[in-house]
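S.K.:
There are 2 protein chains.
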Amino acid sequence: MAQKFVSMRNLKFLLYEVFDAESLLRYPYFEEYDRKMLDMVLQAAMELANGFLWPYFQEMDRDQPEFVDDQVKVHPSVRGMMKEFGKGGWISAIVPIERGGEQLPHLIADSCQFIFAAANYSASAFPGLCDGASRLIENFGSRELYDTYVSKMRSGEWQGTMALTEPEAGSSLSDITTMAEPTDKGYYKIRGQKVFISAGDHDAVENVVHLMLAKIADAPAGVKGISLFVVPKNRIDENGKLISNDVVTSGVFHKLGYRGCPIVQLSIGDKNDCRGYLVGDPHNGLRYMFQMMNEARIGVGMGAAAMASVAYYTALEYTRMRKQGRKISEKDPARPPVPIIEHADVKRMLLFQRSVIEGSISLLMQCSKYVDLQKVSTGDEKEKYSLLLDLLTPAAKTYPSEMGILSISQGLQCFGGSGYCDDYPLEQYYRDARIHPIHEGTTGIHGIDLLGRKIIMNNGKAFELYLAEVQKAIEGAKKISTLRAYAQQLSETLEKLKQVTSHLVSISQDKGVEYFLADATHYLELFGIISIAWQWLLQAISIRKALEKEVPTAESNFYQGKLFTFRYFFGYELPKIEGLVKRLTNSDGLTVEMKEEWFSD
Amino acid sequence: MAQKFVSMRNLKFLLYEVFDAESLLRYPYFEEYDRKMLDMVLQAAMELANGFLWPYFQEMDRDQPEFVDDQVKVHPSVRGMMKEFGKGGWISAIVPIERGGEQLPHLIADSCQFIFAAANYSASAFPGLCDGASRLIENFGSRELYDTYVSKMRSGEWQGTMALTEPEAGSSLSDITTMAEPTDKGYYKIRGQKVFISAGDHDAVENVVHLMLAKIADAPAGVKGISLFVVPKNRIDENGKLISNDVVTSGVFHKLGYRGCPIVQLSIGDKNDCRGYLVGDPHNGLRYMFQMMNEARIGVGMGAAAMASVAYYTALEYTRMRKQGRKISEKDPARPPVPIIEHADVKRMLLFQRSVIEGSISLLMQCSKYVDLQKVSTGDEKEKYSLLLDLLTPAAKTYPSEMGILSISQGLQCFGGSGYCDDYPLEQYYRDARIHPIHEGTTGIHGIDLLGRKIIMNNGKAFELYLAEVQKAIEGAKKISTLRAYAQQLSETLEKLKQVTSHLVSISQDKGVEYFLADATHYLELFGIISIAWQWLLQAISIRKALEKEVPTAESNFYQGKLFTFRYFFGYELPKIEGLVKRLTNSDGLTVEMKEEWFSD
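Residue numbers (the numbering used here), protein chains in the order written: chain A, 6 to 606; chain B, 6 to 606.
#1: Determine the DSSP secondary structure at residue 514 of chain B, reduced to helix, strand or coil.
#2: In chain order, what residues of the same chain have a beta carbon less than 6 Å from the beta carbon of residue 483 of chain A, not counting five sequence neighbours either side?
#3: Using a Cβ-Cβ cutoff of less than 7 Å, which residues in the same chain neighbour residue 127 of chain A once the five nearest sequence positions on both sides are dropped?
#4: Which class does residue 411 of chain B belong to by DSSP, given the choice of helix, strand or coil?
#5: Please identify the residue among B:362, B:367, B:533, B:444 whose C-alpha is closest to the C-alpha of residue 315 of chain B.
#6: The alpha helix (DSSP H) spanning residue 539 of chain B covers which residue range?
#7: Using beta-carbon positions only, say whether residue 51 of chain B and residue 99 of chain B come within less than 7 Å of one another.
#8: Where does the unbroken beta strand (DSSP E) through residue 185 of chain B begin, and where does it stop?
#9: Look at residue 596 of chain A and residue 349 of chain B and say whether their C-beta atoms are less than 7 Å apart.
#10: Contact criterion: CB-CB distance below 7 Å. Does residue 370 of chain A meet it with respect to chain B?
#11: Going by DSSP, name the residue or residues bridged to residue 453 of chain A.
#12: Quick check: is the beta carbon of residue 44 of chain A nearer than 7 Å to any beta carbon in chain B?
#13: So, is residue 286 of chain B buried or exposed, given that buried needs 16 or more other C-beta atoms within 10 angstroms?
#14: According to a CB-to-CB cut-off of less than 8 Å, which residues of the segment 421–442 of chain B neighbour chain A?
#15: If the criterion is Cβ atoms closer than 7 Å, does the pair residue 392 of chain B and residue 455 of chain B meet it?
#16: Roughly how many whole angstroms lie between the Cα atoms of residue 69 of chain B and residue 164 of chain B?
#17: Which of the three DSSP states is assigned to residue 270 of chain A in this structure?
#18: I'd like to know if the segment 357–374 of chain B and the segment 209–217 of chain A are in contact, where contact means that at least 3 CB-CB pairs between them fall below 8 Å.
#19: Classify residue 56 of chain B as buried or exposed, calling it buried when 16 or more other Cβ atoms lie within 10 Å of its own Cβ.
#20: For residue 458 of chain A, tell me which candidate among A:160, A:503, A:396 has the shortest Cα-Cα distance.
#21: Give me the Cα-Cα distance between residue 281 of chain B and residue 21 of chain B, rounded to the nearest whole angstrom.
#22: Does residue 484 of chain B come out as helix, strand or coil in the three-state DSSP assignment?
#23: Roughly how many angstroms lie between the CA atoms of residue 185 of chain A and residue 232 of chain A, to the nearest whole one?
#24: Is it buried or exposed for residue 6 of chain B, if we count other Cβ within 10 angstroms and need 16 for buried?
#25: For residue 257 of chain B, collect the residues of the same chain with a Cβ closer than 6 Å to its Cβ; drop the 5 residues on either side in sequence, then sort them by chain order.
#26: Could you tell me which residues DSSP pairs with residue 254 of chain B in its beta bridges?
#27: First and last residue of the beta strand (DSSP E) that includes residue 101 of chain A?
#28: Report the CB separation of residue 199 of chain B from residue 142 of chain B in whole angstroms; it is logged as a contact under 8 Å.
#29: Along the segment 166–199 of chain B, what residues have a CB closer than 9 Å to any CB found in chain A?
#30: Among A:449, A:46, A:593, whose alpha-carbon lies nearest the alpha-carbon of residue 118 of chain A?
#31: Mind checking if residue 115 of chain B is an interface residue toward chain A, Cβ cutoff 7 Å exclusive?
#32: At a Cβ threshold of 7 Å, is residue 6 of chain A touching chain B?
#33: Between residue 138 of chain B and the ligand GTP, is the CB less than 6 Å from at least one heavy atom?
#34: So, do the segment 101–117 of chain B and the segment 371–378 of chain B have three or more beta carbon pairs nearer to each other than 8 Å?
#35: Where DSSP assigns a beta bridge to residue 213 of chain B, which residues make up the other side?
#36: In chain order, what residues of the same chain lie with their CB nearer than 8 Å to the CB of residue 499 of chain A, ignoring the 5 residues before and after it?
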């Protein structure tokens, strides 16, 4: 099954023409790399995806993980895939060379992650979790924890997880009840329940290492009393053997999609024999965990855009092959039917998908670049990139997640009735993608995070920095005559964003926090659209630069297509802010004042 | 499993307070009925739904139809359900009494259909198809066809279908290749392939009666050469026995959802022994079929709204039960968690769902009432209702179909991670609902139908009538002081609709039909939102009237909830037109001018 799931040309356009990845290589930290090596890394990722991920994409959905004889059984391909990821250094791609990693720029490592997710999102979650969990131990754990766990996680032999959610504590982590009782033996005794743990148990690895949130007895109430522990499924006894650590899987969830990756429920310490090892200081667990959570959020955005990408290329291929009807201006039934890609409404559906996908990837790469710049800079510079990243994370997670669903839905629509049947993979993408607005913080939570925290933090400093970045793109575009009108459109839009934001801050003062945040989800939507428009304007500058020179036909087709997609975004998607601005400046508190009993009948 | 899937209170509000169903009973045709009888019919529908549809909703999804030993096997409950529908007169609810029917107003019969679809959409398709197909024979077929087929279809013993789509002819019916060869024996010999035929074969009935489109040899090209035939799976031989009619099922499609109803592929006349019986005149088949298609389109809108309804009540119940977090203004972690329905963002999601659902049902009932009025009126009056119905059909099909998906998606989101798992039915609704923008004409087709045909037909007469109807609601609302601002909002919106429409008509003249219809899908979206706003304003007038009097608490809660939902629609949904108007007055022909080769890479 030869299938295009990613446009390598587009990835390289973004990496080298828009984000100037090569400029990173001038920093000493990345000086081991040159352009050719980066390209080889991307190529290797593509080969890995083609060899070990894509072939099992459908099978992993149809033979979903089952809990049989107290064991979670996953698709047999997972074991080999994990080993390949370990052997190839993919689980330590951004880890410093001195610690055995590849020391790659995030920009490149995240692009590889994008390729993996497009080929098989469920499968890519296993090594992804090993990566995040092992770096959490590396950054905040003791030397002993590092020595015991990290190398096995990076070789793909042991699975890493993030174990946060409990039956009664999902969006509200402050209510976790998993307890950690101190002992005088250097470990804590853990007892509790965790649910929805991705890759939380399976038979493709010898051990599972949970990065688990729990409360030490007598800890402060709420999030200030949460600590982080390493809680292995099997611990190492005095003889160096793995023995059960009293972490028992009680079942796997059967899900709408994302079926290749098991999501499990865990009972911890039922026999009072579960040992947990504190990471860092007590009561600081949520702060540490946010490193992994923030990365996971960007990862979800990446996965959402990646799924939309493969769905788009599948749909594109179909619209070129499938013949139906005639052009509206050529209705003579004696003429032969045309490929449906010739119909304007089908082109609209394709442009919509492409505008969402390529806009999303661009925003995600912008975040990756901020991570890299934050790493190699100091002082105010470092703070700047850190603030920008914090501010962008809710949108970089949510825009691709929400719009990716609509994008895939339009891809499915391109197939007509066939899209609804399992002869084509669109129905699977449609199911798979629905997880994204839920995991790693629901869309509602991210709306509150953006407006209630990120916009106002440091006296609005992050927001100021953001406005300046967008303004910079506008100034750049103004210098190109064919982009001036678009620069103006974004400039007016940015004014509206400022007005809406000031208005909401004043609501916060006049009417309080409930009214302030009532429409936070819509604010996030507005912020997301504007951020994608910013990214498209950045891309348009690079496109125009490229088209100044004579280019071969294939290249010219690529740039023309991008240009039309840019114009599509500004013509069809950006106008959606009008309704949102109207809503957000209303602030009548309708949803605050609506009473529960009025939902009766 | 006691589950609320429909608000009977809301149905009665719409039927009696908004649409004054009792006024229909003053026409001689409906004079057999009184209010009490109508209520009894609704109650009986609810009992049928509870007894024969709802209990099998999940099972019919999990044990989907399979093609085994040349036989399509459906869930065993279908046989009994069909008999119940037949026995209860539900398959002939709107048929005249003189022909053995119930002669119910469409307004009531469609409300019952809504109840059935909410309880189990897949199951409700079986009798629904019998109803439509049998009335097609009744209205356009010969006496002999009527006598042979109709009573068996109305008793639920024989299945009726609409057999239009072919492998190479879906949206473009003019390309069907199923052939009908005349004989001198009063029948035609049929040969061809049909795909995606709902209930096209199954083991719960003794026979299947296809209302099939085919072309008589030497017929004119295109849609003008399409004829309609009755093509039974089994025909009656000289001895009155059922024998095979050479209609062979070659397989069932496995689908994302809507699994209770088999969708089959048929090979017709492979042995040159398939007899088809012409309905009406040759080459007029598509015109006849449009009776069933238009009804089916309204039926799809109804089904989409019904699914969103049951998903909403399921989500509502969960948000009342599920506790998580504290109100934003009361963040003390020592306080107990609150039911999530107390969070403004959750109320927003619920109000969104309710505004979509109750707005959609209202628009669908508006259509049903036009059908009834058309039936009992003559001359200009009759033409008026007929034109209004034609104009509204694309929106009445599409708005619930497209927005129902988003509504169910928000219902799923109310469940968080649990919504993604099959412990709750939301994931099934999410899968089931995706069929609606596809079957009975895709959204793209309906956009072109609305703008390219309905708006401009009879020199824009239907559109003028529509504007007058909406204006009437605006005038009514202006008389109520609390509704004046909303009336004004809709009035301004209507002006914009007129401007957009004139603009597009001028584009048609200046730039031709491709540019005119390039954004027809967005025009349909705009028209849909405005039509729902119209319906909400009509509802608001009735709500305000009701609240003038003293009402008991339960009633007051109902009306307050409706009032907030109405305000939600005008505050959150109606502003979406701003972006659409901006787009639709752009007409840069972006999707017309985009070239196929620019989609490369």
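Virtual Cβ for every residue (Gly too), placed ideally from N, Cα, C.
Fair warning: this is a prediction, and the values are worked out from it, not measured in the lab.
M.R.: Checking against the coordinates, here is how it stands:
#1: What you label residue 514 of chain B is simply residue 509 of the second sequence in a count that begins at 1. Helix, per DSSP.
#2: Locating residue 483 of chain A in the first sequence gives position 478, where the first residue counts as 1. Close CB contacts of residue 483 of chain A within its chain, under the 6 Å cut and outside five residues either way in sequence, are with 489, 492 (chain order).
#3: Within the first sequence, numbered from 1, the residue matching residue 127 of chain A stands at position 122. Closer than 7 Å at the Cβ level, and outside the excluded window around residue 127 of chain A, lie 65, 263, 264, 265, 266.
#4: Indexing the second sequence from 1 puts residue 411 of chain B at position 406. It is helical.
#5: Within the second sequence, numbered from 1, the residue matching residue 315 of chain B stands at position 310. Cα-wise, what sits closest to residue 315 of chain B is B:362.
#6: Here residue 539 of chain B is taken as the residue at index 534 of the second sequence, counted from 1. Unbroken alpha helix (DSSP H) run through residue 539 of chain B: 525–553.
#7: In the second sequence, the residue the question calls residue 51 of chain B occupies position 46. In the second sequence, the residue the question calls residue 99 of chain B occupies position 94. Going by C-beta atoms, residue 51 of chain B is not nearer than 7 Å to residue 99 of chain B.
#8: Residue numbering aside, residue 185 of chain B sits at position 180 when the second sequence is read from its first letter. Its beta strand (DSSP E) spans residues 184–187.
#9: The residue you call residue 596 of chain A lines up with position 591 of the first sequence. The residue you call residue 349 of chain B lines up with position 344 of the second sequence. Yes, these two residues count as a Cβ contact at 7 Å.
#10: As a position in the first sequence, residue 370 of chain A is number 365, starting the count at 1. Not an interface residue.
#11: Within the first sequence, residue 453 of chain A is the residue found at index 448, counting from 1. The partner list for residue 453 of chain A (beta bridge, DSSP) is empty, contrary to what the question assumes.
#12: The count along the first sequence starts at 1 and reaches residue 44 of chain A at position 39. Not closer than 7 Å to any Cβ of chain B, the Cβ of residue 44 of chain A fails to qualify, so no.
#13: On the second sequence, position 281 is the one that residue 286 of chain B refers to. By the neighbour-count criterion, in which a residue is buried when 16 or more other Cβ atoms sit within 10 angstroms of its Cβ, residue 286 of chain B is exposed.
#14: 421, 422, 424, 425, 426, 427, 428, 432, 435, 436, 439, 440, 442
#15: Here residue 392 of chain B refers to the residue found at position 387 when the second sequence is read from its first residue. Here residue 455 of chain B refers to the residue found at position 450 when the second sequence is read from its first residue. Their beta carbons are not under 7 Å apart, which means residue 392 of chain B does not touch residue 455 of chain B by this criterion.
#16: For the purposes of this step, residue 69 of chain B is taken as the residue at position 64 of the second sequence. For the purposes of this step, residue 164 of chain B is taken as the residue at position 159 of the second sequence. For residue 69 of chain B and residue 164 of chain B, the distance between alpha carbons rounds to 18 Å.
#17: As a first step, residue 270 of chain A must be located in the first sequence, where it is residue number 265. Three-state DSSP puts residue 270 of chain A in a strand.
#18: no
#19: Here residue 56 of chain B is taken as the residue at index 51 of the second sequence, counted from 1. Counting Cβ neighbours within 10 Å, residue 56 of chain B comes out exposed, since fewer than 16 surround it.
#20: Counting from 1 along the first sequence, the entry for residue 458 of chain A is found at position 453. If we check each option's Cα against that of residue 458 of chain A, A:396 comes out closest.
#21: To locate residue 281 of chain B, count along the second sequence from 1; it is residue 276. To locate residue 21 of chain B, count along the second sequence from 1; it is residue 16. Approximately 45 Å between the Cα atoms of the pair.
#22: Locating residue 484 of chain B in the second sequence gives position 479, counting from the first residue. It is coil, neither helix nor strand.
#23: For this step, residue 185 of chain A is matched to residue 180 along the first sequence. For this step, residue 232 of chain A is matched to residue 227 along the first sequence. So the two alpha carbons sit approximately 9 Å from each other.
#24: Reading the second sequence from its first residue, position 1 is the one you call residue 6 of chain B. Reliability of the predicted coordinates at residue 6 of chain B is poor, the pLDDT of 45 falling under 50, and the value obtained from them is presented with this limitation in mind. With fewer than 16 Cβ atoms within 10 Å of its Cβ, residue 6 of chain B is classed as exposed.
#25: Position 252 of the second sequence, counted from the first residue, corresponds to residue 257 of chain B. Taking residue 257 of chain B as the centre and dropping the five residues before and after it, the same chain places the C-beta of 70, 72, 77, 267, 269 closer than 6 Å to its C-beta, in chain order.
#26: Start at 1 with the first residue of the second sequence, and residue 254 of chain B comes out as number 249. DSSP output for residue 254 of chain B lists B:271 as bridge partner(s).
#27: Counting from 1 along the first sequence, the entry for residue 101 of chain A is found at position 96. It is not in any beta strand (DSSP E) - residue 101 of chain A carries neither H nor E in the DSSP assignment.
#28: Counting from 1 along the second sequence, the entry for residue 199 of chain B is found at position 194. Counting from 1 along the second sequence, the entry for residue 142 of chain B is found at position 137. The pair is not a contact, with the Cβ atoms about 18 Å apart (cut-off 8 Å).
#29: Of all residues in the segment 166–199 of chain B, the ones placed with a Cβ closer than 9 Å to any Cβ belonging to chain A are 170, 173, 174, 175, 176, 177, 179, 180, in chain order.
#30: Stepping through the first sequence from its first residue, residue 118 of chain A is reached at position 113. Among A:449, A:46, A:593, the Cα nearest to that of residue 118 of chain A is on A:46.
#31: Position 110 of the second sequence, counted from the first residue, corresponds to residue 115 of chain B. No, residue 115 of chain B lies away from the interface with chain A (no Cβ there is under 7 Å from its Cβ).
#32: As a working note, residue 6 of chain A is residue 1 in the first sequence. For residue 6 of chain A, the predicted model reports a pLDDT of 44, less than 50, meaning its position is unreliable and no value from the coordinates is stated.
#33: Judged by which ligands are present, the structure shown has none, so any question about the ligand GTP falls away.
#34: yes
#35: Taking the second sequence and counting its residues from 1, the one referred to as residue 213 of chain B is at position 208. Answer by DSSP bridge pairing, in chain order: B:164.
#36: By 1-based counting over the first sequence, the position of residue 499 of chain A is 494. Only 472, 475, 476, 479, 535 meet the Cβ criterion.
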